[in-house]
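Working notes for the structure below.
Chains as they are written, first to last, in our numbering: chain A, 1 to 191; chain B, 192 to 347.
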């Protein structure tokens, strides 16, 4: 008669599982990587680059950051806290101000014919600008556009921008495009 | 009087621990699934800048990372304290970025190549000179979709 094999003791199973659990608890990192998403412009050969870009001055919102991390917005000294409001005003141009960008009519789904701004934001920085400041400025510019989209979405659809359908978001993005150009590197300001 | 007294002991029966391994295994599987191991050892010190308008990097497999920052103390003797670029597990020069991007691209599926994102993990005290160089290299290698990695700013 075959001998009965003794049962494998399972009392240590919990201990083994605990050990594994603690290992994964320690090595785990729950944080999702997040950041400012941007798209770089296509690479253009410097020799082919022509300087006669046909953008009127009133359509460009120039933001300069110098090596001391100071801001020059449209030719005047400014602080980061003021940048968001100024960007919104520039992109919106509520009173069709002569100094602010032109608008052109365009047919947009859900909205009908809307006047769309031709404004472009141009961000320039010095070689010695601190990355932290640069991100802070970028953040303000992106925030300004996001706020405009949110406001439009609230007033037109009565919903938050993130709750809209893909097509609705698309048409709002068409009205407030995110046109932030990061210009070719250049020296800004004195030494 | 002792008529009403229970004959058995008054102690509570011990809680059965038979289901303990099951509970622990459940937890274990949860952490095994959610865990993401750090893929490289940092050779540079990075304090990310803060921002509010963040978007999440959804697909980890499509992201390639570029780290920039001051070398950590053990490398400072050989590499100095000026900000350096780290690709994978070694220090690199600006000129190496194009090769790195090509290598990263080769490692992905054909279908996924145009969805690739480059995440720039840069210390906030780095100067823009090096970042601009990196950006130019990325443009040359047509890796245009980038993400400036940053932390969530706490509203005051």
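C-beta: ideal position from N, C-alpha, C; glycine also.
- Identification of chain A residues near residue 258 of chain B by a Cβ-Cβ cut-off of 8 angstroms yields none; the smallest Cβ-Cβ distance measures about 12 angstroms.
- Residue A:18 holds the alpha-carbon nearest to the alpha-carbon of residue 217 of chain B among A:27, A:33, A:94 and A:18.
- C-alpha of residue 337 of chain B to C-alpha of residue 312 of chain B: approximately 11 angstroms in a straight line.
- Neighbours of residue 177 of chain A across chain B, judged by C-beta separation under 8 angstroms, do not exist; the nearest C-beta is about 16 angstroms away.
- By the Cβ neighbour-count rule, residue 261 of chain B is buried, with 16 or more other Cβ atoms within 10 Å of its own.
- Checking the DSSP bridge columns, you'll see residue 336 of chain B partnered with A:39.
- Non-local C-beta neighbours of residue 110 of chain A in its own chain, meaning closer than 7 angstroms and more than five positions away in sequence, comprise 168 and 171, ordered along the chain.
- Distance from the CA atom of residue 213 of chain B to the CA atom of residue 35 of chain A, rounded to whole angstroms, is 39 angstroms.
- For residue 154 of chain A, the uninterrupted alpha helix (DSSP H) run begins and ends at 131-156, by DSSP.
- Straight-line spacing of the CA atoms in residue 215 of chain B and residue 222 of chain B works out to 11 angstroms.
- Counting along the chain, residue 312 of chain B sits inside no alpha helix (DSSP H); it lies in the beta strand (DSSP E) bounded by residues 308-313.
- Neighbours of residue 316 of chain B in chain A, taken as residues at a C-beta separation under 9 angstroms, are given in chain order as 130, 131 and 132.
- Look at residue 109 of chain A here: in three-state DSSP terms it is coil, with no helix or strand label.
- Straight across, the Cα-Cα distance linking residue 123 of chain A with residue 65 of chain A is about 8 angstroms.
- In this structure, the beta-carbon distance from residue 234 of chain B to residue 266 of chain B falls below 8 angstroms.
- Within the segment 75-89 of chain A, contact with chain B at the beta-carbon level (separation under 8 angstroms) is assigned to no residue.
- In the DSSP annotation of this structure, the continuous segment of the alpha helix (DSSP H) that includes residue 14 of chain A starts and ends at 13-27.
- Excluding residues up to 5 positions away in sequence, 235, 277 and 312 lie with their Cβ nearer than 6 angstroms to the Cβ of residue 258 of chain B in the same chain.
- Taking every protein chain shown into account, the CB of residue 106 of chain A has fewer than 16 other CB atoms within 10 angstroms, so this residue is exposed.
- The beta-bridge partner set that DSSP reports for residue 262 of chain B consists of B:235.
- For residue 291 of chain B, the enclosing alpha helix (DSSP H) starts and ends at 288-297.
- Rounded to the nearest whole angstrom, the CA to CA distance from residue 203 of chain B to residue 249 of chain B is 51 angstroms.
- Nearest CB-CB separation between residue 151 of chain A and chain B: not below the 8 angstroms threshold.
- For residue 142 of chain A, the chain B residues whose Cβ falls inside 7 angstroms of its Cβ are 244, in order along the chain.
- With 16 or more other CB atoms across the displayed protein chains lying within 10 angstroms of its CB, residue 256 of chain B is buried.
- Contact annotation, residue 240 of chain B with residue 315 of chain B: C-beta distance approximately 4 angstroms; criterion of less than 8 angstroms satisfied.
- Spanning the alpha carbons of residue 14 of chain A and residue 209 of chain B requires a straight line of approximately 9 angstroms.
- Residue 244 of chain B and residue 126 of chain A have their C-alpha atoms spaced approximately 23 angstroms apart.
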